[in-house]
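Each residue of the sequence shown is one higher than the last, beginning at 9 in this note's numbering.
Positions of the beta carbon are idealized from the N, C-alpha and C atoms, including for glycine.
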Amino acid sequence: MLLVALIFYSVPSHGQSSPPKSSISSDQRKAIETIIKDYLLKNPIIIRQAIKNLKEQEAASEKARVLIALKTYKKELVEDDTSPVGGNHKGDITVVEFFDYNCGYCKRAATTLKALQTSDPNIRIVYKEFAILGQKSVVAAKAALAANRQGKYIKFHEGLMSGRTDLDSIASLANSLGIDYSKLRKDMASSAIKNILQKNYKLANALGISGTPVFVIGEKVIPGAVDLETLKQVVLEERAKKTK
Numbered sequence: 009m010l011l012v013a014l015i016f017y018s019v020p021s022h023g024q025s026s027p028p029k030s031s032i033s034s035d036q037r038k039a040i041e042t043i044i045k046d047y048l049l050k051n052p053i054i055i056r057q058a059i060k061n062l063k064e065q066e067a068a069s070e071k072a073r074v075l076i077a078l079k080t081y082k083k084e085l086v087e088d089d090t091s092p093v094g095g096n097h098k099g100d101i102t103v104v105e106f107f108d109y110n111c112g113y114c115k116r117a118a119t120t121l122k123a124l125q126t127s128d129p130n131i132r133i134v135y136k137e138f139a140i141l142g143q144k145s146v147v148a149a150k151a152a153l154a155a156n157r158q159g160k161y162i163k164f165h166e167g168l169m170s171g172r173t174d175l176d177s178i179a180s181l182a183n184s185l186g187i188d189y190s191k192l193r194k195d196m197a198s199s200a201i202k203n204i205l206q207k208n209y210k211l212a213n214a215l216g217i218s219g220t221p222v223f224v225i226g227e228k229v230i231p232g233a234v235d236l237e238t239l240k241q242v243v244l245e246e247r248a249k250k251t252k
């Protein structure tokens, strides 16, 4: 109580019309600081609790910010006609994935997402190329988006996720899928495809996404290579919301 009182009386009143004057002397202020320091040293758990409270407040604030962003950018997330779509194009639940072809966790997540699609035929998947692991990732993302222009995105995407991403491998994959490679290379260099990637970067930034993989389902942002049961549960919860 003494500590609270000392702190209270050391705070100047904001109801004064004239500039506030300190109600305590320099020596009194030093005495208060000493009391506070000694109190915290004897009760360090208070500092830990304060840090915990601060982290919880920051997490709640970030969650609220992301929720607003999800609503603001909903169209860009689920209805962007430049983003490749897989699964059931008319599915009732949309799963958006941000990924990088050179991300090991993304390769694992690709298998999980495929299993989700197999177990739930009413899932719609939106693929967001999010090349953040270097130039090879950018090249692979551009190649996949170029393959999408020839109607071969899904197979090409799966090939990149299970194989290599260098240009020779990209050329080999394209040829195996009957893709016009010269057109693919031309489209890869186009400003249109560059703009798609830039748009994805901006969208990810708005949502606070900085790594891969990340799934967005409804109002939930799920980072990391989560297991199949986790995705199923989130889909189940989102579907339940739609039936209310």
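Round the Cβ separation of residue i and residue j to the nearest angstrom and send it over; I've been treating them as touching at under 8 Å.
{"i": "Glu-105", "j": "Lys-136", "result": "6 Å"}
{"i": "His-293", "j": "Ala-152", "result": "The structure shown does not extend to residue 293, since the chain is modelled only from 9 to 252, so the question has no answer here."}
{"i": "Leu-185", "j": "Lys-160", "result": "5 Å"}
{"i": "Ala-117", "j": "Ala-214", "result": "Not confirmed; about 22 Å, so no contact."}
{"i": "Gly-226", "j": "Glu-246", "result": "4 Å"}
{"i": "Asp-195", "j": "Ala-154", "result": "4 Å"}
Rounded to whole angstroms, what's the CA-CA distance from residue i to residue j? Just pull it up for me.
{"i": "Ser-177", "j": "Val-147", "result": "12 Å"}
{"i": "Lys-50", "j": "Gln-36", "result": "21 Å"}
{"i": "Ser-91", "j": "Ile-59", "result": "41 Å"}
{"i": "Asn-130", "j": "Lys-228", "result": "19 Å"}
{"i": "Val-224", "j": "Lys-250", "result": "16 Å"}
{"i": "Leu-192", "j": "Ala-200", "result": "13 Å"}
{"i": "Ile-133", "j": "Ala-72", "result": "25 Å"}
{"i": "Ile-54", "j": "Gly-167", "result": "54 Å"}
{"i": "Ile-187", "j": "Glu-66", "result": "48 Å"}
{"i": "Ser-127", "j": "Ala-68", "result": "34 Å"}
{"i": "Lys-115", "j": "Lys-98", "result": "25 Å"}
{"i": "Val-103", "j": "Gln-125", "result": "10 Å"}
{"i": "Arg-157", "j": "Asn-61", "result": "50 Å"}
{"i": "Ala-248", "j": "Ala-182", "result": "41 Å"}
{"i": "Thr-120", "j": "Ile-162", "result": "15 Å"}
{"i": "Asp-100", "j": "Val-93", "result": "14 Å"}
{"i": "Pro-221", "j": "Leu-205", "result": "16 Å"}
{"i": "Glu-70", "j": "Lys-82", "result": "18 Å"}
{"i": "Val-12", "j": "Glu-41", "result": "Here Val-12 scores only 44 on pLDDT, less than 50, and its place in the model is too uncertain to base an answer on."}
{"i": "Val-74", "j": "Gln-241", "result": "21 Å"}
{"i": "His-22", "j": "Ile-43", "result": "Note that His-22 scores 48 on pLDDT, short of 50, meaning its location in the model is unreliable; the coordinates nonetheless yield the value given after this. Their backbone Cα atoms lie some 25 Å apart in a straight line."}
{"i": "Val-86", "j": "Phe-138", "result": "15 Å"}
{"i": "Ala-39", "j": "Asp-46", "result": "11 Å"}
{"i": "Ala-197", "j": "Asn-203", "result": "11 Å"}
{"i": "Gly-142", "j": "Pro-52", "result": "44 Å"}
Determine the extent of the beta strand (DSSP E) in which residue i is found, giving its start and end residues.
{"i": "Glu-137", "result": "131 to 137"}
{"i": "Val-104", "result": "101 to 107"}
{"i": "Gly-219", "result": "Run containing Gly-219: none; DSSP gives neither H nor E here."}
Opposite residue i in the DSSP bridges: which residues?
{"i": "Ile-225", "result": "Val-103, Lys-228"}
{"i": "Val-93", "result": "Val-134"}
The alpha helix (DSSP H) with residue i in it runs from where to where?
{"i": "Val-242", "result": "236 to 251"}
{"i": "Gly-171", "result": "Careful: Gly-171 lies outside any alpha helix (DSSP H) and carries neither H nor E."}
{"i": "Gly-142", "result": "Note, Gly-142: premise wrong, no alpha helix (DSSP H); not H, not E."}
{"i": "Gln-57", "result": "53 to 80"}
{"i": "Glu-41", "result": "34 to 50"}
{"i": "Ile-201", "result": "199 to 214"}
{"i": "Gln-125", "result": "112 to 127"}
Taking 7 Å as the cut-off, is the CB of residue i close to at least one heavy atom of the ligand FAD?
{"i": "Lys-115", "result": "You won't find the ligand FAD in this model; it holds no ligand whatsoever."}
Check: Would the region 198 to 215 and the region 230 to 239 be scored as touching if the rule is three or more Cβ pairs under 8 Å?
Finding: Flag = no, the region 198 to 215 and the region 230 to 239 do not touch.
Notebook entry, point to check: For the region 110 to 124 against the region 169 to 176, are there 3 or more C-beta pairs whose distance is under 8 Å?
Noted result: yes
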